[in-house]
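Structure record follows, encoded as structure tokens.
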Amino acid sequence: MLKNVKPISISNLITKASHQRIETSRRVLFLNLIVYVLIAGAELAIGTADHSTALLADGQNNLTGIVSVTALIVGLTFSKRPSDDFHLEGHWQFESLAVFLAGLGMFLVGLVCVWEGITQTFGFLAGHYTAPLKGQAAYMAAISGVTMLSLCAFNHFIARKTQSSSLAASARDFLSDALTSTGTMLAIIGASLFRIHWIDPVAALLLGCFIIWNGARFSAQAPKSYPMASVQSCAQTSSTKYSLSVV
Numbered sequence: 284m285l286k287n288v289k290p291i292s293i294s295n296l297i298t299k300a301s302h303q304r305i306e307t308s309r310r311v312l313f314l315n316l317i318v319y320v321l322i323a324g325a326e327l328a329i330g331t332a333d334h335s336t337a338l339l340a341d342g343q344n345n346l347t348g349i350v351s352v353t354a355l356i357v358g359l360t361f362s363k364r365p366s367d368d369f370h371l372e373g374h375w376q377f378e379s380l381a382v383f384l385a386g387l388g389m390f391l392v393g394l395v396c397v398w399e400g401i402t403q404t405f406g407f408l409a410g411h412y413t414a415p416l417k418g419q420a421a422y423m424a425a426i427s428g429v430t431m432l433s434l435c436a437f438n439h440f441i442a443r444k445t446q447s448s449s450l451a452a453s454a455r456d457f458l459s460d461a462l463t464s465t466g467t468m469l470a471i472i473g474a475s476l477f478r479i480h481w482i483d484p485v486a487a488l489l490l491g492c493f494i495i496w497n498g499a500r501f502s503a504q505a506p507k508s509y510p511m512a513s514v515q516s517c518a519q520t521s522s523t524k525y526s527l528s529v530v
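According to our numbering, the sequence shown holds residues 284 to 530 in order.
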């Protein structure tokens, strides 16, 4: 009976499952990219019109989201390439490289936010006051926070379902974005309603420090981003299918 059974290549099954995971991840990442572009553009426009340093810093933080998602999409695209003589295990390293570059971009933007927060704070101490903030900046930060939190939950759910390290990293990024948007909203409310003008530049400074920390953590986790759990899951599935075929 075993002679009539055609052996199943576990390696091919793992490769096929990996490609399916990559395609699912890429579709979700394209959705993330669209949302980032819309939110970042709106925050930068409203932050400029409303003279809110904190909202501008939050918008720049979401710009890093555009960079990180684009890097992840490119990395996943290259990681689909089949094995060759120089990459016997495939091209999954590109996904790790994309995660590292995304973290590096966040780190650099955080430095810019810190610099702007410092200059605005010293300007305030020197007696240079900006125009009063309007309420629309707080509304924009609230919309951004709710949107980012929703996408965090969605990415986390798909990441656990597909064992995608890229989506897991994106979910962590969305969570940090939701927290920064919430902090931005509170800072703008304090500056506009209670006329505490120093809160806005200080919030931008603290937000920049948080972006730097998050970017460094993002890059540090890049070598661990190869989804071993996904390989193990595929191997278990493949073994099960092989056993069923033998029976």
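Cβ atoms here follow ideal geometry from the backbone N, Cα and C, with glycine treated the same way.
Between the C-alpha atoms of I471 and S448 there is a straight-line separation of about 35 Å. Judged by beta-carbon spacing, I479 lies beyond the 7 Å limit of G393, meaning their Cβ atoms are not closer than that value. Looking only at S459, D483, V320 and N315, the smallest Cα-Cα distance to F407 is reached by D483.
Its Cα nearest to that of Q419, the residue A474 stands out among V311, A474 and S379. For A461 against M423, the beta-carbon gap comes to about 14 Å, at or over 8 Å, which does not count as contact. The count of Cβ pairs closer than 8 Å, one atom from the stretch 395 to 405 and one from the stretch 433 to 451, stays below three, leaving the stretches out of contact.
Counting only runs that start and end inside the stretch 434 to 462, there is no alpha helix (DSSP H) element of at least 4 residues.
Check the Cα spacing between V357 and each of A436, F383 and S335: the tightest is with F383. In the structure shown, W496 falls within a helical segment according to DSSP collapsed to helix, strand and coil. With contacts defined as CB atoms closer than 7 Å, V311 and I441 qualify as a contacting pair. The three-state reading of DSSP puts I322 in helix, counting H, G and I together.
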